[in-house]
Structures are given as C-alpha cells and as structure tokens.
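**Student:** Could you have a look at this structure, given as structure tokens, before my questions?
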Amino acid sequence: MAGHSKWANIQHRKGRQDEKRGKAWTRVIREIMVAARQGGGDPATNPRLRLAVDKAKAVNLPADTVKRNIDKATGNLEGVSYEEIRYEGYGIGGAAIIVDCMTDNRVRTVAEVRHAFSKFGGNLGTEGSVAFQFKHCAQFVFAPGASEDKVMDVALEAGADDVIAGDDGSIEVLSAPAQFEAVRAALEAAGMKPEVAEVTMRPENTVALAGDDAERMQKLLDVIEDLDDVQDVYHNAEL
110 MAGHSKWANI
120 QHRKGRQDEK
130 RGKAWTRVIR
140 EIMVAARQGG
150 GDPATNPRLR
160 LAVDKAKAVN
170 LPADTVKRNI
180 DKATGNLEGV
190 SYEEIRYEGY
200 GIGGAAIIVD
210 CMTDNRVRTV
220 AEVRHAFSKF
230 GGNLGTEGSV
240 AFQFKHCAQF
250 VFAPGASEDK
260 VMDVALEAGA
270 DDVIAGDDGS
280 IEVLSAPAQF
290 EAVRAALEAA
300 GMKPEVAEVT
310 MRPENTVALA
320 GDDAERMQKL
330 LDVIEDLDDV
340 QDVYHNAEL
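The sequence shown finishes on residue 348 if you use the numbering used here, and the numbering steps up by one all the way, no holes.
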C-alpha cells in the first residue's frame with residue numbers, strides 16, 4: 110500500500126468492520142473450529158487457535174462459547190464441519206480481490222460469491238489469478254506518532270523482516286506469519302501496542318479509485334463481506 114494513504118485506508122477498513130460487528134462472532138467461531146480441527150484444541154501448542162481465541166476476546170465472545178466450539182471441532186461434541194475455500198477475482202478498475210470463506214456447503218458458497226461479483230461490477234477469476242499480487246505475512250501497524258527508531262529496534266530484534274514508515278507518520282512492521290507471536294510479544298513487552306496486529310494478505314501494489322469508482326468498489330466489497338460464508342476479504346484498492 111502506498112505510504113501516504115495507508116493509515117487512512119486502515120482506519121476506513123476498521124470502521125467498516127466495526128459496523129458489521131454482528132457477524133464477528135460467527136466468523137470467529139468458524140475460525141476457532143477450523144483451527145482446532147487442524148491443529149488440536151490446545152491454544153498453547155496451536156498458534157492459529159491461539160490467534161483465533163485472541164480474536165474471540167477482542168469481540169467479547171464468551172469463554173464457554175469458545176470452549177464449546179473447540180470441543181465440537183476436536184470431536185468431543187457433535188458439530189458442523191467447515192472447509193476453507195479461497196476465491197479470487199477483480200473489482201472496479203481492475204482492483205484485485207481475494208475472498209476467504211469457511212463453509213459447510215461449497216456449492217452454495219461459490220454461487221453466492223459469483224453472484225456478488227457479477228451483479229456489482231466485478232469478475233470472479235480462477236485460482237491464482239490475483240494471489241500473486243499479495244504477500245502472505247504478519248502485519249503490525251502503529252498510529253502516527255510512534256517512535257520509528259524504537260519500533261525498528263524491537264521488531265527487527267524479534268525477527269521482523271521490514272519496518273516501513275508511511276508519509277502520514279504511521280509505521281508498519283512486516284514479518285513471516287510464523288514470527289507473528291514473537292514479534293507481537295516483543296513489541297507489547299516494550300510497551301508498544303500496535304493498532305493492527307494480524308496475519309494478512311498484503312497487496313504488493315495498489316489501484317487508486319476515487320469518486321463513483323470508489324463508491325462502486327465499496328459497494329462490491331460490502332456485498333461480499335456480508336455473505337454468510339465469507340471470513341475475510343483482501344483487496345488492493347485505495348479508496
């Protein structure tokens with residue numbers, strides 16, 4: 110993402126997510142179940158589950174609900190089995206979009222995603238059609254005003270790959286997904302809590318959209334994000 114608009118884009122995205130907090134519990138529960146099924150039900154030995162439990166705490170999901178869904182996923186309780194599917198496509202102005210889903214019905218999900226793309230000006234592509242434009246990484250973003258030198262010293266010592274200062278004063282730290290916990294722990298131990306701390310698909314380049322194109326792109330993203338089976342949506346548009 111271009112440095113000059115990174116902070117604005119992140120604030121915008123967080124605001125849109127907050128508006129849709131009602132879906133947050135459902136998405137977190139699905140993530141917990143898939144993480145537990147793949148890596149076991151102990152957060153201490155399952156980094157993906159540990160991150161999912163952290164997300165659950167952030168959206169105030171009750172602890173007993175977390176435990177019940179871990180038990181379902183690990184076979185201690187009967188539950189629904191979800192599978193992960195990724196769709197790729199193009200939005201307004203050729204902007205790239207990645208849609209990560211968790212579903213118990215693959216046929217339903219692909220039909221809904223395809224319909225959303227086609228109805229609102231996008232095109233659903235084939236596997237690999239846009240993923241090469243993104244980097245799978247851990248990302249930490251600090252609001253303007255944080256000490257770049259301090260963030261850099263702590264992050265690089267903890268195993269981060271890069272520290273990027275934005276034109277707007279924000280600071281972005283990137284690392285391999287496997288280093289997410291080590292870098293976050295080191296930053297927080299040093300008294301620096303990032304505004305964003307996540308494992309994400311980060312766009313290598315961006316497409317600037319304004320006016321009507323930006324509004325159409327936001328509408329397309331909103332419709333996709335509102336689909337029941339959608340977990341995460343990544344794109345390279347600057348709105």
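Even glycine gets a Cβ: it sits at the ideal position worked out from N, Cα and C.
Note that the coordinates shown come from a computational prediction; the quantities given were computed from them, not determined experimentally.
1. Take every Cβ of the stretch 266–276, pair it with every Cβ of the stretch 225–241, and state whether three or more of those distances are shorter than 8 Å.
2. Can you list, in chain order, the residues of its chain with a C-beta nearer than 7 Å to that of residue 165? Leave out the 5 residues immediately preceding and following it.
3. Could you compute how far the alpha carbon of residue 348 sits from the alpha carbon of residue 328?
4. At which residues does the alpha helix (DSSP H) containing residue 297 begin and terminate?
5. Tell me which residues share the same chain as residue 152 and place their Cβ nearer than 7 Å to its Cβ, disregarding the 5 neighbours each side in the sequence.
6. Hey, residue 197 and residue 234 are a contact pair by Cβ (cut 8 Å); roughly how many whole angstroms apart?
7. What would DSSP say about residue 263, mapped onto helix, strand or coil?
8. Would you kindly work out how many angstroms separate the C-alpha atoms of residue 340 and residue 257, rounded to a whole number?
9. Are residue 156 and residue 289 close, meaning C-beta to C-beta below 9 Å?
10. Ends of the alpha helix (DSSP H) at residue 172?
11. Please tell me whether residue 133 has its Cβ less than 9 Å away from any Cβ of chain B.
12. The alpha helix (DSSP H) spanning residue 241 covers which residue range?
13. For the candidate residues 217, 189, 239, whose alpha-carbon lies nearest to that of residue 207?
14. With distances taken from CA atoms, which of 248, 244, 277, 281 is nearest residue 259?
15. Name the one or two DSSP bridge partners that residue 284 has.
16. On the three-state DSSP scale, how would you describe residue 168?
17. Near residue 113, which residues of its chain fall below 8 Å by C-beta distance, leaving aside the five closest residues on each side in sequence?
18. Under a three-way DSSP split, which group does residue 118 fall into?
19. Since residue 247 and residue 316 are thought to touch, with beta carbons under 8 Å apart, how far apart are those beta carbons, to the nearest angstrom?
20. Please say whether residue 264 and residue 279 have beta carbons closer to each other than 9 Å?
21. Given this structure, state the Cα-to-Cα distance separating residue 302 from residue 255, to the nearest angstrom.
**Tutor:** The relevant details are as follows:
1. Result no; under three Cβ-Cβ pairs closer than 8 Å.
2. For residue 165, where only same-chain residues beyond five positions count, the Cβ hits under 7 Å are 137, 141, 175.
3. Approximately 12 Å, taken between the alpha carbons.
4. Its alpha helix (DSSP H) spans residues 289–298.
5. Once the five neighbours on either side are set aside, the close Cβ partners of residue 152 are 158, 159, 162.
6. At roughly 5 Å, the Cβ-Cβ gap stays under 8 Å, so residue 197 and residue 234 are in contact.
7. Under the three-state reduction of DSSP, residue 263 is assigned to helix.
8. So the alpha carbons of these two residues sit roughly 32 Å apart.
9. In this structure, the beta-carbon distance from residue 156 to residue 289 falls below 9 Å.
10. From DSSP, the alpha helix (DSSP H) with residue 172 extends over 172–182.
11. Among the chains of the structure shown, chain B does not appear; only one protein chain is present.
12. Where residue 241 is concerned, there is no enclosing alpha helix (DSSP H), given that its DSSP letter is neither H nor E.
13. Minimum Cα-Cα distance from residue 207 among the listed residues 217, 189, 239 corresponds to 239.
14. If you compare the alpha carbons of 248, 244, 277, 281 with that of residue 259, the shortest gap goes to 281.
15. Secondary-structure assignment with DSSP links residue 284 through a beta bridge to 247.
16. When DSSP states are grouped into helix, strand and coil, residue 168 belongs to the coil group.
17. In this prediction, residue 113 scores a pLDDT of 44, lower than 50, which makes its location untrustworthy; the coordinate-derived value is nonetheless stated afterwards. Excluding sequence neighbours, residue 113 sits near 275, 276, 277.
18. In the three-state reduction of the DSSP assignment, residue 118 falls in the helix class.
19. Between residue 247 and residue 316 a beta carbon distance of about 24 Å is seen, past the 8 Å cut, so the two are scored as non-contacting.
20. For the 9 Å CB-CB criterion, residue 279 and residue 264 do not form a contact.
21. So the two alpha carbons sit approximately 10 Å from each other.
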